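First up is the structure itself, then whatever we jot down about it.
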Amino acid sequence: MQKKKSPAAAVKRIFGKKWVRMLLVLLILAGAAWIALPRVLVMIQQPSGETENVLTATVERRTIESSMTGSSTLEALDTYEVTATVTGDVIEANFEEGDTVQEGDVLYRIDTDDADEDIESAQTNLERMQERYNDALEDYNEAAETYASLNYTADDSYYIETLYVKDGDSIQNGTIIADIYDDSVMTLKVPFLTGYADQIEVGMEAQVTISETNETLAGTVSAVSSLPQTTSGGSIVRMVSIEVDNPGGLSTANTASATVDGMPCSGDGSFTPILDEQLTADLAADIATVTVAEGSHVNAGDTLFTLDSESVTDQLENVESALETAEENLEDAQTQLENQQDRLADYEITAPISGQIISKLSKVGDTLGTSSSSSTNTMALIYDMSALTFEMSVDEMDILNVEAGQTVEVTADALEGQTFTGVVTNVSLSSSYSNGVTNYPVTVRIDEIGDLLPGMNVTGKIIIEQSEDALAIPAEALMRGNQVYVQDDSVTESVDGVPAGFRAVEVETGLISTDYVEILSGLEEGDVVYIDPTTSTGSNAGMMGMMPGGMGGGMPGGGGGMPGGGGGMPGGGGMGGGPGGF
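Here's what the structure looks like:
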């Protein structure tokens with residue numbers, strides 16, 4: 001007798017063992033997803049007497065939030081590459097990789113021999129520039145005094161013997177102006193025996209006897225030579241100079257003898273005028289008018305010639321410019337010395353930030369090259385691990401909803417199940433354009449970093465808006481025109497594709513997220529609303545809502561089998577708290 005085959009056997013015969021196993025797995029997964037969603041599949045009695053499976057949800061209170069997400073890689077709060085701006089040998093580096101350092105801690109010390117030489121050279125240059133400035137200042141003061149008047153005057157009384165300049169001539173410092181002569185006082189030089197000369201002093205009175213006339217004149221000792229000389233007779237003498245007022249007849253042709261305090265000279269001497277020399281200019285300028293002539297006698301203060309005013313102005317500007325240049329050079333030299341002294345601090349390299357030593361690339365004994373190459377060679381790398389940051393890319397449609405201070409929920413791929421809190425610290429306007437969308441970088445900071453490390457991949461979720469204890473429905477329950485269909489057994493006709501048993505209600509909405517809509521008015525907690533399976537965002541709910549005939553049994557504890565079973569999930573009843581079977 002042929003045994004009656006069970007429904008399971010029939011299914012197995014139709015689909016095969018493999019298909020049965022796959023179907024059971026799908027049912028289990030769909031059931032788990034269904035429980036997690038506030039949607040219920042119910043059977044509605046239609047006017048025709050037939051029943052129809054309908055997807056519904058219950059109006060309930062929950063927290064609704066609108067958010068955006070972005071993924072990136074973590075970075076340390078601050079990263080600093082330690083470099084040197086000087087050259088020399090590394091003589092100290094008392095730290096290791098992994099050490100924690102504080103800002104200002106000494107990391108490296110560099111030998112200062114080169115710096116000491118530079119400072120010495122700068123000091124020498126400063127002293128030289130100081131001397132040049134002093135000379136320029138002296139020249140300026142002299143010029144200011146010299147050119148205070150346009151009159152060039154005589155310093156003493158004398159005769160103009162020969163005149164070498166004329167109106168319009170240009171003179172420089174040292175230009176010969178005239179031969180000048182003054183014989184109002186004559187100087188007599190006579191020899192005295194060394195024994196007498198030792199007793200003669202400047203200022204002593206002398207009696208001078210003119211050889212040609214035996215006339216005696218009073219004189220005064222003006223100089224006593226210390227150089228001994230030997231006469232033709234073998235005597236050792238020294239020359240004594242005596243000044244005598246010229247009564248009018250003395251000339252260089254006259255000779256005379258002299259006695260000083262009763263001590264006679266040892267021979268006659270000749271006269272020379274007190275002044276017989278060339279007058280040279282001590283300034284540069286153009287002569288406007290010469291006011292003296294050859295043979296003229298001038299007294300101290302008399303004008304010899306006048307200066308052209310324009311040339312005087314030019315000369316004053318020249319010495320002033322020279323003084324300014326000398327002053328600038330002096331200041332530059334002072335600055336160079338200060339810079340060299342300040343550079344001594346660069347030979348002690350300190351930590352610019354507090355943090356952890358990630359890498360140590362230079363050690364004691366290493367030689368740093370030229371300053372330019374040293375500044376580009378990393379000696380050590382420091383991470384500030386007091387916080388971590390990452391950058392989210394936010395598109396132009398959402399960027400206006402992001403601002404500094406917003407909280408960010410952060411998860412890391414490497415730390416499953418852990419959530420961290422970050423804060424938006426900067427919304428940059430430095431945008432980038434790609435595939436028709438403009439994106440803006442948003443910086444997020446995490447202070448409580450836990451096990452997070454730089455380089456980890458993280459995802460940040462920014463809560464744009466949140467409503468707590470809000471009356472909510474699934475987003476797919478909201479129809480066009482802000483209408484929601486509420487369960488009402490008094491409705492016996494299907495309207496616009498909505499099955500009988502539901503009536504349209506216009507609602508006022510608040511916050512709308514991906515999954516839920518906040519209801520401000522029009523519904524009450526506990527109302528049952530219709531969900532159109534063709535617009536449902538819940539993939540499992542949509543699949544279940546479209547299964548023909550319903551699939552209720554088959555699971556452990558359920559009643560009946562497939563198809564047309566009555567039981568549901570374990571303990572009877574339907575998924576999500578609905579009636580048994582569907």
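Residue numbers (UniProt numbering): 1 to 582.
The beta-carbon is built from N, C-alpha and C at its ideal position, and this holds for glycine as well.
As the structure is a computational prediction, the values presented were derived from the model and not from experiment.
- About 13 Å separates the CB atoms of residue 134 and residue 333; that is not less than 8 Å, and the two are not in contact.
- Nearest C-alpha to residue 294 among 78, 456, 445, 163: 163.
- Among the bridge pairs identified by DSSP, residue 420 is matched with 410.
- A direct Cα-to-Cα measurement between residue 468 and residue 518 gives close to 10 Å.
- Membership of residue 534 in any alpha helix (DSSP H) is not indicated, and neither H nor E is assigned to it by DSSP.
- Ranked by Cα distance from residue 460, the options 400, 71, 196 are led by 71.
- For residue 178, the enclosing beta strand (DSSP E) begins and ends at 176–193.
- Each of 85, 87, 109 was checked against the Cα of residue 95, and the nearest Cα belongs to 109.
- One thing to note: residue 182 has its Cβ no nearer than 7 Å to the Cβ of residue 119.
- With a threshold of 16 other beta carbon atoms within 10 Å, residue 451 falls short and is exposed.
- The beta carbon of residue 62 sits closer than 6 Å to those of 472, all from its chain and outside the five residues before and after it, given in chain order.
- In this structure, residue 384 sits near residue 77, with a CB-CB distance shorter than 7 Å.
- In this structure, DSSP gives residue 199 a state outside helix and strand, which the three-state scheme calls coil.
- Collapsing the DSSP output to three states places residue 379 in coil.
- Looking from the CA of residue 106, the closest CA among 506, 351, 417, 388 belongs to 351.
- Using a 10 angstroms sphere on the CB of residue 128, the tally of other CB atoms stays under 16, which defines it as exposed.
- Looking from the CA of residue 530, the closest CA among 132, 489, 520, 512 belongs to 489.
- Closest in alpha carbon position to residue 291, among 285, 301, 306, is 306.
- Excluding residues up to 5 positions away in sequence, 82, 84, 106, 107, 108, 109, 110, 379 lie with their Cβ nearer than 8 Å to the Cβ of residue 349 in the same chain.
- Annotation: residue 494 to residue 510 spans about 29 Å, alpha carbon to alpha carbon.
- When DSSP reads this structure, residue 239 sits in a beta bridge with 191.
- Following the DSSP letters along the chain, one finds residue 129 inside the alpha helix (DSSP H) bounded by residues 113–146.
- Rounded to whole angstroms, the separation of the alpha carbons of residue 58 and residue 523 is 11 Å.
- A Cβ-Cβ contact shorter than 7 Å links residue 285 with residue 312.
- A contact between stretches requires three or more CB pairs, one per stretch, nearer than 8 Å, and the segment 142–151 fails this requirement with the segment 238–249.
- One alpha carbon belongs to residue 492, the other to residue 483, and they sit about 19 Å apart.
- DSSP places residue 313 in the helix class (H, G or I) of the three-state scheme.
- Bounds of the beta strand (DSSP E) holding residue 206 are 205–210.
- Here residue 87 is near residue 368, since their CB atoms are less than 7 Å apart.
- 7 Å or more divides the Cβ of residue 80 from the Cβ of residue 446.
- In this structure, the CA atom of residue 405 is about 16 Å from the CA atom of residue 387.
- Residue 210 and residue 192 have their alpha carbons spaced roughly 17 Å apart.
- Residue range 158–163 is occupied by the beta strand (DSSP E) that includes residue 163.
- The beta carbons of residue 224 and residue 216 sit about 22 Å from each other, so the pair does not count as a contact at 8 Å.
- Under the DSSP definition of a beta bridge, residue 487 partners with 502.
- For residue 360, the uninterrupted beta strand (DSSP E) segment begins and ends at 355–360.
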